[in-house]
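Chains A and B supply the protein sequences, listed in that same order.
Its first residue numbered 10, the first sequence is counted upward by one per residue in the numbering used here.
Its first residue numbered 1162, the second sequence is counted upward by one per residue in the numbering used here.
Each residue gets a CB set at the ideal place from its N, CA and C atoms; glycine is no exception.
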Amino acid sequence: STKSSGNSTSDACAEFRVKYVGSIEKLQFDMSKTLQEPLDLINYIDAAQQDGKLPFVPGDEEMVLGVSKYGVKVASVDQCDVLHRHPLYLIVRMLCYDDGLGAGKNLLALKTTDTRQQECSIWVYQCSSSEQAQSICKVLSASFDCVLTSEK
Amino acid sequence: IYKSAVTTVVNPKYEGK
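Here you go:
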């Protein structure tokens, strides 16, 4: 069973059960500039869902999303296969908001870039509740701080 | 679709990008 490694602030690291909605990859840099404001990003995801580029609801399979100072890792529940690995230094921002479908589910949008910062990608996951989404944001924010302080 | 509170976490490395 996946043991949650607690949340000692010095080394923030935690695992969460989420579902994968979909992703929009390799957006050109000028496109990514229009996606800086949270509401622009949300509207972009909405539009992608309307256009069928992103589903409205995720697949049934639950996944384990791990957040640590190394970044975000998404693996199958039995942790046998890793689906996504987002290194912390390539994560631009993370956004969480109610999906508006009335079931209290929260969407998590992760904006990542490539090493040359020419393109960006949007990864969308669904959390079971806003509390879960908030704690994911907290651990990620702690991870950024942890890396920032260690760089000084 | 009505969007309630939005929480954002920005990587300090990309502040303003």
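**Study point:** Under 7 Å by beta carbon: chain B residues contacting residue 40 of chain A
**Key:** Against residue 40 of chain A, chain B offers no close residue; the least beta-carbon distance is about 13 Å (beta-carbon pairs closer than 7 Å).
Practice item. Could you spell out where the beta strand (DSSP E) holding residue 79 of chain A opens and where it closes? Key: Unbroken run through residue 79 of chain A: none, as it is neither H nor E.
Check your understanding: Going along chain B, which residues have a C-beta under 8 Å from residue 143 of chain A?
Key -> Per Cβ cutoff of 8 Å: 1168.
Review point. Near residue 68 of chain A, what residues of its chain come up, given a Cβ to Cβ distance below 8 Å and the 5 sequence neighbours on each side ignored?
Key: Take residue 68 of chain A, set aside five residues on each side of it, and the residues of its chain with a beta-carbon closer than 8 Å to its own are 28 and 29, in chain order.
Check your understanding: Which of the residues in the segment 46–67 of chain A, read from start to end, lie with their CB under 7 Å from any CB of chain B?
Key -> For the segment 46–67 of chain A, which is checked against every Cβ of chain B, the residues closer than 7 Å are 47, 51 and 55.
Check your understanding: With burial defined as no fewer than 16 other Cβ atoms inside 10 Å of the residue's Cβ, what is the status of residue 114 of chain A: buried or exposed?
Key -> With at least 16 other beta carbons inside 10 angstroms of its own, residue 114 of chain A counts as buried.
Check your understanding: residue 163 of chain A CB to nearest chain B CB: under 8 Å?
Key -> This structure leaves residue 163 of chain A out entirely; chain A is present only between 10 and 161.
Review point. Which value, in whole angstroms, describes the spacing of the CA atoms of residue 90 of chain A and residue 34 of chain A?
Key: Answer to the nearest angstrom: the Cα atoms are 21 Å apart.
Practice item. Measure the Cβ-Cβ separation of residue 22 of chain A and residue 76 of chain A and say whether it is below 8 Å. Key: Result yes, Cβ atoms of residue 22 of chain A and residue 76 of chain A sit closer than 8 Å.
**Study point:** residue 1172 of chain B versus A:160, A:149, A:158 and A:159, residue with shortest Cα-Cα distance
**Key:** Of the candidates A:160, A:149, A:158 and A:159, A:149 places its Cα closest to the Cα of residue 1172 of chain B.
**Study point:** Residue range of the beta strand (DSSP E) that includes residue 1167 of chain B
**Key:** For residue 1167 of chain B, the enclosing beta strand (DSSP E) starts and ends at 1167–1171.
Check your understanding: How many Å lie between residue 79 of chain A and residue 107 of chain A at the Cα?
Key -> So the two alpha carbons sit approximately 27 Å from each other.
Check your understanding: Is it a yes or a no for the segment 126–135 of chain A touching the segment 50–67 of chain A, going by three-plus beta-carbon pairs under 8 Å?
Key -> Below 8 Å, enough C-beta pairs join the segment 126–135 of chain A and the segment 50–67 of chain A to call them touching: three or more.
**Study point:** For residue 62 of chain A, the three-state DSSP class (helix, strand or coil)
**Key:** Secondary structure of residue 62 of chain A (DSSP, three-state): coil.
Review point. Where does residue 18 of chain A sit, in a helix, a strand or coil, going by DSSP?
Key: For residue 18 of chain A, the predicted model reports a pLDDT of 47, less than 50, meaning its position is unreliable; a value from the coordinates is still stated below. The answer is helix: DSSP assigns residue 18 of chain A an H, G or I state.
Practice item. Would you list the one or two residues that DSSP bridges to residue 89 of chain A? Key: Residue 89 of chain A is not bridged to any residue.
Exercise for review: Please go through the same chain and pick out, in chain order, the residues whose beta-carbon is closer than 6 Å to the beta-carbon of residue 70 of chain A, but skip the five residues on each side of it.
Suggested key: Sequence-distant Cβ neighbours of residue 70 of chain A in its own chain, meaning closer than 6 Å and more than five residues away, do not exist here.
Review point. Which residues bound the alpha helix (DSSP H) around residue 140 of chain A?
Key: Counting along the chain, the alpha helix (DSSP H) containing residue 140 of chain A begins and ends at 139–160.
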